[in-house]
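What follows is one structure encoded as structure tokens, with my remarks underneath.
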Amino acid sequence: MTLRDFIDKLLGRQPASANVARERLQLVLAHDRSDLNPELLEQMRREILEVVSRYVEIDLDEGDVSLETEDRVTALVANLPIKRARPLAEPGTAADADPASASSAPAGDGAIATA
Amino acid sequence: MTAPGTRYILICSGKGGVGKTTLTANLGIALARQGVRTAVLDADFGLRNLDLLLGLENRIVFTAQEVLAGSCRLEQALVKHKQEPNLALLPAGNPRMLEWLKPEDMQRIAAMLGEQFDIVLIDCPAGIEDGFKNAVAAAQEAIVITTPEVSAVRDADRVIGLLNSHGVQPIQLVLNRVRPKMMANQEMLSVSDVTDILALPLLGLVMEDEQVIVSTNRGEPLTLNGTKSPAALAYNNIARRLRGEEVPLLDPTKAGRGLRAKLGRLMTTKIF
């Protein structure tokens with residue numbers, strides 16, 4: 001944050017337009033470069049969440065899948081807070097995926113075993 | 116495809132009206148004045164304007180199309196600049212023969228120019244369609260020119276992606292129509308905003324300068340008569356950097372010594 005941004009915020013003014021331009025550009029270029037339109041991205045997001053939630057229980061409200069761009073490289077960044085691991089037929093795979101959630105999830109919790 | 120030792124430099128932007136042709140004309144004259152045998156190839160044959168900016172519009176008889184068809188020699192089609200004999204213009208074609216040129220034709224013309232010139236500047240048409248594909252076929256390296264506006268930067272990004280996929284290397288950036296006051300007030304994308312977003316090395320900065328319009332009115336590029344205007348200096352520096360000389364770049368927002376410039380610097384200082 002620059003001094004100008006700080007004063008703008010203090011006075012409740014609109015931020016300087018260069019910042020707005022930069023942010024809008026970064027967003028539109030991330031989409032341009034990946035050739036994904038927002039609709040496709042949304043579909044991909046849903047499918048990713050669907051696949052991930054087969055293995056672990058995720059916080060759908062906090063979950064975020066987005067495109068980030070730096071130095072002409074666009075990355076798909078998924079931030080999916082895990083509530084707990086789902087018990088699977090092969091317990092090793094799910095538990096390995098996220099050690100933090102594995103420790104918080106009681107072993108053999110729930111009866112929704114995947115057949 | 117191309118003669119050894121000759122540099123083939125594409126000047127492109129994606130968006131129209133950001134200053135491609137003005138840069139080509141001024142850079143061509145500046146290089147010629149520095150002793151480089153320079154050809155400027157107007158690849159925009161649908162809407163050609165390079166002849167007008169160079170003041171050569173009344174001297175065009177043939178184009179690259181007639182050369183390729185064998186109906187004239189290259190020397191007959193080349194238009195030498197009277198005051199700057201190191202510079203010659205070759206229009207790729209005329210608007211009436213739109214479907215005629217193909218990427219291979221541009222490569223053949225480029226190879227022919229390579230026998231006589233050290234640097235061939237190719238003025239690319241706006242857009243990313245056939246005209247661009249023709250022009251890029253003849254190029255080895257590129258200068259992307261843009262202005263600090265969202266639409267121009269977005270289109271430049273598109274073009275850079277295409278240049279990369281064509282294997283054009285190196286690609287350098289010229290930022291045109293810079294307004295230092297607006298940049299200092301953070302009402303215009305800064306130089307680093309644009310270079311960070313496009314991730315290209317900066318070859319030059321050209322300030323917004325009324326003299327550019329005056330010079331196009333006359334058909335005499337600013338670099339021709341040694342005027343001291345900011346844009347003329349910028350174009351000359353771009354020519355020198357292109358030839359490998361180290362010429363420092365000025366940060367437009369740090370150039371001023373007045374109270375306004377100082378305040379601007381204070382306001383853009385990162386506090387946290």
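Quick mapping for you: the protein sequence lines, in order, are chains A and B.
Quick note: the first sequence uses my numbering, first residue 1, plus one each step.
Quick note: the second sequence uses my numbering, first residue 116, plus one each step.
Beta carbons: idealized from backbone N, C-alpha and C, even for Gly.
No experiment lies behind these values; they were computed from the predicted model shown.
- Counting every other CB atom within 10 Å of its CB across the protein chains shown gives B/Thr178 a total of 16 or more, marking it as buried.
- If you look at A/Gln26, you'll find it in the alpha helix (DSSP H) that goes 17-34.
- For A/Gly63, the closest of A/Gln26, A/Ile82, A/Leu76 by C-alpha to C-alpha distance is A/Ile82.
- Under the Cβ criterion of 9 Å, A/Leu11 is not counted among the residues facing chain B.
- Counting along the chain, no beta strand (DSSP E) covers B/Ala253, and no H or E run does either.
- Between B/Val309 and B/Ala346, the CB-CB gap reaches or exceeds 9 Å.
- Using beta-carbon distances, A/Ser17 counts as an interface residue toward chain B, with a partner under 9 Å.
- In the displayed model, A/Gln43 falls within a helix according to three-state DSSP.
- Residue state for A/Pro81 is assigned as coil, using DSSP reduced to three classes.
- For A/Leu49, no Cβ of chain B is located within less than 9 Å of the residue's own Cβ.
- The beta strand (DSSP E) runs of length 3 or more contained entirely in the stretch 184-255 of chain B are, from start to end of the chain, 202-206, 234-238.
- B/Met227 and B/Pro206 have their C-alpha atoms roughly 14 Å apart.
- Cβ-Cβ distances below 7 Å link B/Val133 to Ile260, Thr261, Thr262, Ala267, Asn291 in the same chain, with the five nearest sequence neighbours on each side left out; the list follows chain order.
- A distance below 9 Å separates the beta carbons of A/Ala78 and A/Ile48.
- Under the three-state reduction of DSSP, B/Ile386 is assigned to coil, being neither helix nor strand.
- B/Gly341 and B/Ile144 have their alpha carbons spaced roughly 11 Å apart.
- Contacts between B/Ser305 and chain A, judged by CB atoms closer than 9 Å, involve Ala18, Arg22 in chain order.
- Contact check for B/Ile237 against B/Ile124 passes: the beta carbons are separated by less than 9 Å.
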